[in-house]
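Participant: Residue numbers (the working numbering): 3 to 233.
Backbone N, C-alpha and C define an ideal beta-carbon position, used for all residues, glycine too.
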Amino acid sequence: FWLKRVRRGVFVFDCDGVRIQSRSAEAMGAYKYLEEMWRKKQSDVMRFLARLRNWEFRQLPAVHRCSRPTRPDKARKVGYKAKQGYCIYRVRVKRGDRKKRVAKGIVYGKPVNQGINKWKSVRNLRSIAEERVGRKCGSLRVLNSYWVAQDAVHKWFEVVMVDPFHSVVRNDPRINWICKPVMKHRELRGLTAAGRKARGLLKKGKRATKLRPSARAVYRRNSLMRLRRYR
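Following this line, the structure appears as structure tokens:
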């Protein structure tokens with residue numbers, strides 16, 4: 003057997019030149035190439051780009067608007083569209099544990115609560131980034147977010163924001179659900195993808211019996227004493 007490579011695939015021929023098998027070559031689009039590049043973060047090209055981006059992002063404010071997404075493939079996956087009513091904000095969050103915010107580093111309480119530095123965050127950093135940009139841009143709605151860069155001190159996330167009063171958004175049946183009043187500040191109530199992950203709602207069935215509909219609701223349900231009435 004011998005192979006003859008042609009433009010639209012790979013064909014297998016026998017010794018008489020009769021084709022006996024064909025396999026179409028799978029073509030990759032531009033977004034697929036970008037996705038594959040971002041998967042190889044330790045390659046020389048991506049390490050060089052990350053070094054440049056980290057330097058540039060460090061010079062910018064903690065919350066600022068981007069002219070375009072750094073990762074167009076990822077932005078489209080989480081709901082971004084390059085049209086009116088959509089915008090991208092980049093947010094910088096400090097890595098590591100959270101510090102307790104008390105005056106002069108003094109906690110006027112019991113010794114068990116006197117730690118300052120080693121308090122672990124309940125939510126993930128991406129959810130915190132969404133909250134900060136949501137507070138900064140109160141008239142916009144947080145759709146989703148994704149990671150873009152990090153160094154030893156900070157992580158940077160890009161948040162997809164939607165203008166709920168733009169006519170293009172309001173007339174689009176795929177996205178106008180976000181214009182409803184109940185969708186105000188989804189990021190503050192743990193309704194975005196990062197917030198649901200922090201609440202443990204990626205689990206289903208028996209793994210989530212103490213998480214649904216929420217941890218607080220389950221606590222209240224289990225703490226309620228129900229007694230049968232004597233009749």
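I'd like the span of the alpha helix (DSSP H) that includes C121, first residue to last.
Facilitator: The residue given as residue 121 occupies position 119 in the sequence shown. Note on identity: in this sequence residue 121 is Trp, with Cys being the wrong assignment. Per DSSP, W121 belongs to no alpha helix (DSSP H) and is neither H nor E.
Participant: In the DSSP assignment, what are the bridge partners of M163?
Facilitator: For the purposes of this step, residue 163 is identified with residue 161 of the sequence shown, where counting begins at 1. DSSP output for M163 lists C89 and V144 as bridge partner(s).
Participant: What residues are listed by DSSP as bridge partners for A219?
Facilitator: Here the question's residue 219 lines up with position 217 in the sequence shown. DSSP output for A219 lists no bridge partner at all.
Participant: Do you know offhand how far S147's Cα is from R231's?
Facilitator: Locating residue 147 in the sequence shown gives position 145, where the first residue counts as 1. Locating residue 231 in the sequence shown gives position 229, where the first residue counts as 1. Approximately 51 angstroms between the Cα atoms of the pair.
Participant: Tell me which residues share the same chain as R172 and place their Cβ nearer than 7 angstroms to its Cβ, disregarding the 5 neighbours each side in the sequence.
Facilitator: Along the sequence shown, one-based indexing puts residue 172 at 170. Within the same chain, R172 has close Cβ partners N178 and C181.
Participant: For the beta strand (DSSP E) holding V65, just list the boundary residues, first then last.
Facilitator: Residue mapping note: residue 65 aligns to position 63 of the sequence shown, counting from 1. Counting along the chain, the beta strand (DSSP E) containing V65 begins and ends at V65 to C68.
Participant: Name the DSSP bridge partner or partners of W149?
Facilitator: Mapped onto the sequence shown, residue 149 falls at position 147. DSSP, once it has assigned bridges, lists F159 as partnering W149.
Participant: Excluding five sequence neighbours on each side, which residues of the same chain lie with their C-beta closer than 6 angstroms to the C-beta of L36?
Facilitator: By 1-based counting over the sequence shown, the position of residue 36 is 34. Within the same chain, L36 has close Cβ partners D75.
Participant: Helix, strand or coil: which one does DSSP assign to R100?
Facilitator: Numbered from its first residue, the sequence shown carries residue 100 at position 98. DSSP places R100 in strand when its eight states are reduced to three.
Participant: Could you tell me which residues DSSP pairs with A135 in its beta bridges?
Facilitator: In the sequence shown, the residue the question calls residue 135 occupies position 133. Reading off the sequence shown, one finds Val at residue 135, where the question assumed Ala. None; V135 has no bridge partner.
Participant: Assign V236 to one of three DSSP states: helix, strand, or coil.
Facilitator: In the structure displayed, the chain extends from 3 to 233; residue 236 sits before or after that span and is not available.
Participant: Any contact of the stretch 122-139 with the stretch 152-162, i.e. 3+ C-beta pairs under 8 angstroms?
Facilitator: Yes: the two stretches touch, three or more of their Cβ pairs being nearer than 8 angstroms.
Participant: Quick check on S26: does DSSP put it in helix, strand or coil?
Facilitator: To locate residue 26, count along the sequence shown from 1; it is residue 24. Bear in mind that the predicted position of S26 carries a pLDDT of just 47, short of 50, making it too unreliable to give a figure here.
Participant: Report the option in A217, R233 and D165 whose CA atom is closest to the CA atom of K292.
Facilitator: Residue coverage of the chain in this structure runs from 3 to 233, which leaves residue 292 outside it and unanswerable.
Participant: From P71 to N224, what does the alpha carbon distance come to, in whole angstroms?
Facilitator: Start at 1 with the first residue of the sequence shown, and residue 71 comes out as number 69. Start at 1 with the first residue of the sequence shown, and residue 224 comes out as number 222. Going from the Cα of P71 to the Cα of N224 covers about 45 angstroms.
Participant: How would you label P196, buried or exposed, when you count the other beta carbons within 10 angstroms and need 16 or more for buried?
Facilitator: By one-based count along the sequence shown, residue 196 stands at place 194. A quick correction: the sequence has Ala, not Pro, at residue 196. Label assigned to A196: buried.
Participant: What does the alpha-carbon distance come out to for the pair R94 and M30?
Facilitator: Mapped onto the sequence shown, residue 94 falls at position 92. Mapped onto the sequence shown, residue 30 falls at position 28. So the alpha carbons of these two residues sit roughly 33 angstroms apart.
Participant: Can you tell me where the alpha helix (DSSP H) holding Q61 begins and where it ends?
Facilitator: Position 59 of the sequence shown, counted from the first residue, corresponds to residue 61. Q61 -> alpha helix (DSSP H) spans D46 to Q61.
Participant: DSSP state of R201, grouped into three classes?
Facilitator: The sequence position of residue 201 within the sequence shown is 199, counting from 1. Three-state result, R201: coil.
Participant: Is it the case that the Cβ atoms of Y91 and C68 are separated by a distance below 8 angstroms?
Facilitator: For the purposes of this step, residue 91 is identified with residue 89 of the sequence shown, where counting begins at 1. For the purposes of this step, residue 68 is identified with residue 66 of the sequence shown, where counting begins at 1. Contact flag set, yes.
Participant: So, with DSSP's three-state summary, where would you put I180?
Facilitator: For the purposes of this step, residue 180 is identified with residue 178 of the sequence shown, where counting begins at 1. Of the three classes helix, strand and coil, the one that applies to I180 here is helix, per DSSP.
Participant: Spatial neighbours of K122 within its chain, please: C-beta separation below 8 angstroms, excluding the five flanking residues on both sides.
Facilitator: Here residue 122 is taken as the residue at index 120 of the sequence shown, counted from 1. The residues are D99 and R100.
Participant: Which residue from R73, L190, W57 and S216 puts its Cα closest to that of K34?
Facilitator: Here residue 34 refers to the residue found at position 32 of the sequence shown. Among R73, L190, W57 and S216, the Cα nearest to that of K34 belongs to R73.
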